[in-house]
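So the protein sequences, as listed, match chains F and P. For what it's worth, our numbering labels the leading residue of the first sequence as 3, then goes sequentially. For what it's worth, our numbering labels the leading residue of the second sequence as 1145, then goes sequentially. Ideal placement from N, C-alpha and C gives every residue a C-beta, glycine not left out. Quick caveat, the model's predicted, so the values are computed rather than measured. Take a look at the structure below.
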Amino acid sequence: MIRLERRVDQPRWLSLAVPLGSIAVALLVGAVVVALSGNDAIATYSRIVDRGFTSRGAFTATLTAATPLLFTGLAAATAFRMGIFNIGGEGQLIVGAVGASGAGIVLDGRPAALAIPAMLVAGAACGAAWAGIAAVLRAWLNTNEIITTLMLNYLAINLATYLVFGSKSRWRDLEGSGLMFPKGKAIPEAFEFPSVDFGNFTVSFGFFIGIAAAIALYVAFRSTRFGFQTRVIGDEPRAAAYAGMRTKRTILALLALSGAVAGLGGASDVGDTRHLLDPKALGQAGYGYAGIVVAALARLNPLAVVGVSILMGGLANAGRALQGPDFPAGLVGTLQGLLLVCTLAGELFARYRIRRAGAGAGVVAVAAPPGAGVQG
Amino acid sequence: MSDVTSEPTRAGGSPPALSARGITKRFPGGVVANEAVDLDVAPGEVHALLGENGAGKSTLSNCFTGLYRPDEGSILVDGAPVSFHSPRDAIEAGIGMVHQHFRLVETFTVAENVALGEHGPLRKRADAARVRELGERYGLEVDPNARIWQLSVGQQQRVEIIKALSREARILILDEPTAVLTPHEAEALFSVLRRMTAEGRSVIFISHKLDEVRAVADRVTVLRDGRTEGTRSVAGADSRELARLMVGRDVTLGAERIERSTAPTDDVLLSLSGVRAAGDHGREALAGIDLEVHAHEIVGVCGVSGNGQRELAEVVAGMRATTAGTVRIGETELSRADPRIAQRAGLAHVPEDRLHTGLAPSLPIEDNLALRAYRSPPLATGPFLRRRRIREQATELMAAYDVRAPGPTTPTRVLSGGNVQKVLLARELSSSPKALVAASPTRGLDVGAIETVRTLLVDAAERGVAILLLSEDLDEILSLADRIAVIYEGRIQAVVSRDDADVEELGLLMGGDRSHLDGDAA
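Below you can see the structure in the form of structure tokens.
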């Protein structure tokens, strides 16, 4: 018999060892899967590393794939830290893209120094407002935010689809072929976000914004009164009420912040990558849902989200590049799934110590505590 | 041990409907909830089980209803030994129970709840008819098609009783049934019980209120610390005697007073006047409280739990809105329910549920020590926390209050009860409060920790803090308080000086009996 004993303190080394160990186990299991499918595991992995990170242009493409995941990962981590399950990163990103592209189109002719910040602000504001709907329902009417944020995702994608395919809105390209084959109207070329060339690879403006957001969130959660409040409310709302904290306002602020970060991801999608509102691509990409996985892998630590989003972006990028008869279809998806499962299982080792039964007093078998989400 | 002084009223040679013989029930950790409990319930009688909280009344009834299996002793139904392996066995033996917290499905109708747990197909119309028929027969009128959430608490209780009756319960156990009822509803309940006993059914009526026991019961058995203290016929029993049996201490053995070097002054630091407030279920929990606590003074509020103590503490702490009256802390009148106003006015608060209300259990000790003061300097500058200062403060306070823990980053939930309370008191007392409200501050602690907590309270009083101490533990109140206020059904029954306090009299007042008082002593 093996028993689990809750750790009194989580040693520091565990917070690094557990995720690294989880990744190693996931890769190992993945190798077995590849081998069982009749392929060479080592060769397959080296091809993934090559096309995902080391070959020419690969890292640039990986960062491009990672950028939206960085934003949605941060958005999910932000809300989850207080035990608020914002599943709506998807919709908040789409609405952010609507806002940012709208700002870009409306401000045509103005200087880029004005328009680019305006696009970012519009994206963040739209994302925040979209999440704010769920926040108000949750804080004042105690409506389950998982359901509302999920439903708002469908509203968002349909809204974007309507703007481009179902109406003659400002977002739709009404000139030339756009009349026959509906597509989004491009923002002026001058408003396309700049990027920085590092020689071997380039980094988009949006990625820098994402890193800045990650650092800001890390500091906010660690060292501000707001972060302190979210921790107390997330752990024990009664203690928060006892201390005189404004629980409802904090829920609203936190969900709006989470939505704003996802909305910035939408602005980055327009400014960095597509330069127009592309509902079809956004709907298929599933950035919001992938962001939940990223946040879980990063154990809700905003700084770790940066690394995890690059890892997941690299996998996605390599998967796309390597598609073909000699590359097991679905391998990348399998690996991503294994990573998630192994990381969540790894949590067990971070929280509990394994003891053989009968090993002294004070051994208590404990089920996972209710509401024990992953905490950074 | 059980000196049965009266014969069952309707026994007439037939065996008792329900008997307990030497029931002992132990729980892990060495708690003995029942020890050699004997009880005889005659057919057709209302038999009251009287005792303080924790006396073992609920454990005994759980043995009768098959939820617990006694470690020793036997249960007899109509003189024949029975062994219950599950609640179903007890139901089949004719024992029904109405719990203090109802076991009803809120979204189901009355009839559906009554039929719940029975085998066979649902027959809506037949079920509704049965509910109506039972209701008429016993005076338990309730609409069979109403949904539970639409009903008042009193009506929900009727549904519970109908449910037991529809399963042909011959012995009905009611656990503190009047705790949730208005006096009028309680009166109606008593007449229902009388109709049931007239048919030969028996009722076990669990209570800690003397006046009710007198009003409804034929005989009463007193439990204290898990043992039977005696069974009396209600007609022949003296309230004083019952109170003494229940509270259990010989007057001369009263708790020793902890002496203090300072005496209360005339400065009123905490005052309530005409305070009314609603409880969680909308019923009035505080019905006009007037109370003053002076500097250097400890006022103990004693009473059986559920008589408004929790609401009283919450009102003072700004966690519950008043519907009338004023609360003052020092010079400040609390304008609305906001813990921050109370805190700024100089109030410290040790809540009843220390680990989940007073503290955030999964957060480190250092965060919990900063829980109230994190908003302002020295722990914060603008929107930013000063983590180093928070750590320093934690280290200092842990040393000063002797908190035994691996370090300031240890999560609070892993601490022992005594250390949890020390963390809480360290935070609250280090804020140099004017007044302190402490609710059951030593409940569940070991002897050493109790000593520490009491010493901390005494030290605070010596420094001039006005302390309102709410406790069900009379010994604690007697050893700490300068004045004792007895609370009953949201009112202060009387305030007596510690030196004039008489345990028997306090016991009577706690049970709602103030007939021995000449006029209003306040």
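With DSSP as the reference, please indicate the residues paired to residue i in a beta bridge.
{"i": "P/V1175", "result": "P/F1171"}
{"i": "P/V1471", "result": "P/L1416"}
{"i": "P/M1241", "result": "P/I1317"}
{"i": "F/G326", "result": "F/F329"}
{"i": "P/T1525", "result": "P/F1528"}
{"i": "P/V1221", "result": "P/L1162, P/A1224"}
{"i": "P/A1583", "result": "P/L1614"}
{"i": "P/R1368", "result": "P/R1371"}
{"i": "P/V1437", "result": "P/L1414"}
{"i": "P/R1291", "result": "P/T1253"}
{"i": "P/V1190", "result": "P/V1347"}
{"i": "P/D1118", "result": "The displayed coordinates of chain P run from 1145 to 1666. Any statement about residue 1118 of chain P would go beyond what the structure contains."}
{"i": "P/C1446", "result": "P/S1615, P/V1630"}
{"i": "P/S1641", "result": "P/R1627"}
{"i": "P/I1636", "result": "P/I1631"}
{"i": "P/T1476", "result": "P/I1473"}
{"i": "P/P1552", "result": "Bridge partners of P/P1552: none, in fact."}
Tell me where the beta strand (DSSP E) around residue i begins and ends.
{"i": "P/H1328", "result": "Careful: P/H1328 lies outside any beta strand (DSSP E), inside the alpha helix (DSSP H) at 1327-1342."}
{"i": "P/V1258", "result": "That residue, P/V1258, is in no beta strand (DSSP E); its alpha helix (DSSP H) goes 1254-1259."}
{"i": "P/Y1098", "result": "Residue numbering for chain P in the displayed model covers 1145 to 1666; residue 1098 of chain P lies beyond these limits and cannot be assessed."}
{"i": "P/R1371", "result": "1371-1377"}
{"i": "P/T1322", "result": "Where P/T1322 is concerned, there is no enclosing beta strand (DSSP E), given that its DSSP letter is neither H nor E."}
{"i": "F/T204", "result": "204-206"}
{"i": "P/S1346", "result": "1346-1351"}
{"i": "F/D199", "result": "197-199"}
{"i": "P/L1491", "result": "1491-1494"}
For my contact list, residue i and residue j are in at a C-beta cut-off of 8 Å; report their separation, rounded to the angstrom.
{"i": "P/G1685", "j": "P/F1228", "result": "Here chain P has residues from 1145 to 1666 only, and residue 1685 of chain P is not among them."}
{"i": "F/A137", "j": "F/L154", "result": "Not confirmed; about 11 Å, so no contact."}
{"i": "P/Q1453", "j": "P/I1631", "result": "6 Å"}
{"i": "P/A1492", "j": "P/L1573", "result": "6 Å"}
{"i": "P/T1554", "j": "P/P1508", "result": "6 Å"}
{"i": "F/F195", "j": "F/G180", "result": "That belief does not hold up - the Cβ atoms of F/F195 and F/G180 are roughly 23 Å apart, past 8 Å."}
{"i": "F/R53", "j": "F/A320", "result": "4 Å"}
{"i": "F/K185", "j": "F/V166", "result": "7 Å"}
{"i": "P/A1177", "j": "P/K1169", "result": "5 Å"}
{"i": "P/I1433", "j": "P/V1412", "result": "Not a contact, Cβ separation roughly 15 Å."}
{"i": "P/A1272", "j": "P/N1289", "result": "6 Å"}
In the DSSP assignment, find the unbroken alpha helix (DSSP H) run with residue i in it and report its ends.
{"i": "P/S1383", "result": "1383-1391"}
{"i": "F/V35", "result": "14-38"}
{"i": "F/D237", "result": "227-237"}
{"i": "F/I159", "result": "147-163"}
{"i": "F/W132", "result": "114-143"}
{"i": "F/F61", "result": "60-82"}
{"i": "F/V166", "result": "F/V166 -> no alpha helix (DSSP H), and no H or E assigned at all."}
The ligand ZN and residue i: does any heavy atom of the ligand fall closer than 7 Å to the residue's C-beta?
{"i": "F/A124", "result": "Among the components of this structure there are no ligands whatsoever, and the ligand ZN is therefore not found."}
Residue i CB to nearest chain B CB: under 8 Å?
{"i": "P/P1495", "result": "Here chain B cannot be found, since the structure's protein chains are F and P."}
Using a Cβ-Cβ cutoff of 9 Å, what residues of the stretch 1501-1517 of chain P are near chain F? List them in chain order. T1501, G1502, L1503, A1504, P1505, S1506, L1507, D1511, N1512, A1514, L1515, R1516
Is it true that the stretch 1498-1514 of chain P meets the stretch 202-210 of chain F, where meeting means three or more beta-carbon pairs spaced less than 8 Å apart? no
Which residues, in order along the stretch 1472-1493 of chain P, keep a beta-carbon less than 7 Å from a beta-carbon of chain F? D1482, P1483, R1484, Q1487
Decide yes or no for the touch test of the stretch 1440-1450 of chain P against the stretch 1464-1473 of chain P: beta carbon pairs closer than 8 Å, at least 3 of them. no
Is it the case that the stretch 255-271 of chain F contacts the stretch 71-79 of chain F, given that we only count it when at least three CB pairs across the two stretches are under 8 Å? yes
Could you tell me whether the stretch 1608-1625 of chain P touches the stretch 1421-1433 of chain P, where touching means 3 or more Cβ pairs closer than 8 Å? no
With 8 Å as the C-beta to C-beta threshold (strictly closer), list the residues of the stretch 215-228 of chain F near chain P in chain order. R224, S225, T226, R227, F228
Can you give me, in chain order, the residues of the stretch 1516-1538 of chain P that have a beta carbon less than 7 Å from any beta carbon in chain F? R1516, Y1518, R1519, A1524, P1527, F1528, L1529, R1531
Which residues, taken in chain order from the stretch 236-252 of chain F, show a beta carbon closer than 7 Å to some beta carbon of chain P? D237, E238, R240, A241, A243, Y244, A245, G246
Could you tell me whether the stretch 1354-1374 of chain P touches the stretch 1186-1194 of chain P, using the rule of 3 or more Cβ pairs below 8 Å? yes
Any C-beta of chain F within less than 9 Å: which residues of the stretch 1218-1236 of chain P qualify? none
Kindly confirm or deny that the stretch 270-281 of chain F and the stretch 172-188 of chain F touch, where touching means at least three C-beta pairs closer than 8 Å. yes
Three or more C-beta pairs below 8 Å linking the stretch 328-340 of chain F and the stretch 13-20 of chain F: no
Quick check: the stretch 1245-1259 of chain P against the stretch 1303-1312 of chain P, are there 3 or more CB pairs under 8 Å? yes
Validate contact between the stretch 126-135 of chain F and the stretch 296-307 of chain F using beta carbons, cut 8 Å, 3 pairs: no
For the stretch 176-188 of chain F, which residues have a CB atom closer than 7 Å to at least one CB atom of chain P, in sequence order? none
Which residues, in order along the stretch 1430-1464 of chain P, keep a beta-carbon less than 7 Å from a beta-carbon of chain F? M1463
Name the residues in the stretch 1161-1176 of chain P whose C-beta lies less than 9 Å from a C-beta of chain F; which are they? none
Whether or not the stretch 145-164 of chain F and the stretch 89-96 of chain F are in contact is what I'm after, with contact meaning three or more pairs of Cβ atoms, one per stretch, closer than 8 Å; do they touch? yes
Quick check: the stretch 241-258 of chain F against the stretch 59-74 of chain F, are at least 3 beta-carbon pairs closer than 8 Å? no
Given 8 Å as the limit, is there contact between the stretch 1373-1389 of chain P and the stretch 1216-1224 of chain P, that is, 3 or more CB pairs closer than that? no
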